[in-house]
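Residue numbers (this note's numbering): 803 to 1072.
As structure tokens, then:
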């Protein structure tokens, strides 16, 4: 019964989010009322407020190819590109490594002519080759990375593709002034502790290396949003983007502390 009520709530909001996306084509170039993206957070299919933030980002910068790639989407019930695929009809790729979740994901999109799925454990060395199995262009509109560990290294491994917007999961529990990350090649399965991924500072270094600027940290302290620096649009300066601590599901809490004494490695670019 609770699931039914939740689903009913989702469907009732499709019209609202669709009307917001209608502004993407009609409102480009307008000066946004809020440079800060926090007021635009809105959830339909995303885990947190990513749906609304992406809507506003693309309202400001426009869309080009209407294509996406999302790594780590599980069964396709919740994700940053679900609305784009299911409602707007964007062309894209969902990738998932868990066999059981992938079977459900594959079944969902099997009839689709726009959405492709691949079962794979994406790595920095394999990421470009995996995406190259599809006809997607190099200038993707959006890439979303949420793989619970090697997120920084996988984004670093993307060479052939230049998405206009990148959403990536980070670890807001790490000191945000320190450029720390799990070591490259750490293939350990995430154990639901607060030892995972990389810090905001590490991602900012990588983003600058790849020609991106930070435009938003979501209210839950889960995702960072980057826009390609060569795209002209009004956003807060990166240093003015508000930093967030763990606030998962708006509980003001994060994951439990790591009890195994593991250490991060510094990421200084290069």
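Beta carbons are placed, not taken as given, at the ideal position from N, Cα and C, and that holds for glycine.
For this session: For residue 945, I'd like the list of residues in its chain whose CB is within less than 6 angstroms of its CB, leaving aside the five on either flank, ordered along the chain.
Result: Cβ neighbours of residue 945 within its own chain (closer than 6 angstroms, five residues either side excluded): 871, 965, 968.
For this session: Would you identify the three-state DSSP class for residue 970, choosing helix, strand or coil?
Result: Residue 970: strand per DSSP, three-state reduction.
Problem set entry | Short Cβ contact (8 angstroms threshold) for residue 970 with residue 1026 | Going by C-beta atoms, residue 970 is nearer than 8 angstroms to residue 1026.
Exercise. Thinking C-alpha only, which one of 1012, 997, 1035 is nearest residue 1062?
Worked result: The candidate whose alpha carbon is nearest that of residue 1062 is 997.
For this session: Identify whether residue 867 lies in helix, strand or coil by the three-state DSSP scheme.
Result: In the structure shown, residue 867 sits in coil (DSSP, three-state: anything other than H, G, I, E or B).
Exercise. Can you give the Cα-Cα distance for residue 956 and residue 925, rounded to whole angstroms?
Worked result: Distance between the alpha carbons of residue 956 and residue 925 is about 6 angstroms.
Problem set entry | Neighbourhood of residue 833 by C-beta, 8 angstroms cutoff - its chain only, sequence neighbours within 5 removed | Any reading at residue 833 must be qualified, since the residue scores a pLDDT of 48, below 50, and its modelled position is unreliable; the value itself is stated next. The answer, listed in chain order, is 1036.
Exercise. What residues match up with residue 919 in a beta bridge as DSSP calls it?
Worked result: DSSP output for residue 919 lists 896 as bridge partner(s).
Exercise. Where DSSP assigns a beta bridge to residue 1068, which residues make up the other side?
Worked result: Partner residues in the beta bridge of residue 1068, as assigned by DSSP, are 982.
Exercise. Measuring CA to CA, which of 1008, 947, 1040, 1045 is closest to residue 1077?
Worked result: A question about residue 1077 goes unanswered here, because the residues of the chain that appear run from 803 up to 1072.
Exercise. Under the rule that 16 or more other beta-carbon atoms within 10 Å means buried, what is residue 818, buried or exposed?
Worked result: By the neighbour-count rule (16 or more Cβ atoms within 10 Å), residue 818 is not buried but exposed.
For this session: Classify residue 1072 as buried or exposed, calling it buried when 16 or more other Cβ atoms lie within 10 Å of its own Cβ.
Result: Flag for residue 1072 reads exposed.
For this session: Return the chain-ordered list of same chain residues with a C-beta closer than 6 angstroms to the C-beta of residue 1076, the five sequence neighbours on each side being excluded.
Result: Limits of the chain in this structure are 803 at one end and 1072 at the other, which puts residue 1076 out of reach.
Exercise. Whose C-beta lies closer than 7 angstroms to the C-beta of residue 803 among residues of the same chain, with five residues either side of it excluded?
Worked result: With a pLDDT of 46 at residue 803, under the threshold of 50, the modelled position of this residue cannot be trusted, and the question is left open.
Exercise. Is it true that the CB of residue 974 sits closer than 8 angstroms to the CB of residue 1047?
Worked result: Residue 974 sits close to residue 1047, with the two beta carbons spaced by under 8 angstroms.
For this session: Can you have a look at residue 1022 and say buried or exposed, based on whether 16 or more other CB atoms are within 10 angstroms of its CB?
Result: Sixteen is the threshold: when 16 or more other Cβ atoms of the shown chains lie within 10 Å of the Cβ of residue 1022, as they do, the residue is buried.
Problem set entry | residue 880 and residue 899 closer than 8 angstroms at C-beta | 8 angstroms or more divides the Cβ of residue 880 from the Cβ of residue 899.
Problem set entry | Counterpart residues of residue 826 in DSSP-defined beta bridges | Per DSSP, residue 826 has no beta bridge partner at all.
Problem set entry | Cutoff 7 angstroms; reference residue 985; Cβ partners in own chain excluding five residues on either side | Contacts found: 1067.
Problem set entry | Among 1020, 890, 861, 847, the one whose alpha carbon lies nearest that of residue 878 | Nearest of 1020, 890, 861, 847 to residue 878, Cα basis: 847.
For this session: Taking residue 915 as the reference, give the member of 901, 887, 942, 844 with the closest Cα.
Result: Taking residue 915 as reference, the option from 901, 887, 942, 844 with the minimal CA-CA separation is 887.
For this session: Within its chain, find whatever has a CB closer than 8 angstroms to the CB of residue 1070; leave out the 5 residues flanking it on each side and keep chain order.
Result: Cβ neighbours of residue 1070 within its own chain (closer than 8 angstroms, five residues either side excluded): 981, 1007.
Exercise. Between which two residues does the alpha helix (DSSP H) carrying residue 884 extend?
Worked result: In the DSSP annotation of this structure, the continuous segment of the alpha helix (DSSP H) that includes residue 884 starts and ends at 884–888.
Exercise. Helix, strand or coil for residue 963 per DSSP?
Worked result: Looking at residue 963 - three-state DSSP - the assignment turns out to be coil, as it is neither helix nor strand.
Exercise. Straight-line CA distance for residue 845 to residue 910?
Worked result: Between residue 845 and residue 910, the C-alpha separation is close to 21 angstroms.
For this session: Under 8 angstroms Cβ to Cβ from residue 978, same chain only, skipping five residues before and after it: list those, please.
Result: Counting only Cβ-Cβ distances below 8 angstroms, and skipping sequence neighbours, we find 1001, 1002, 1003, 1045.
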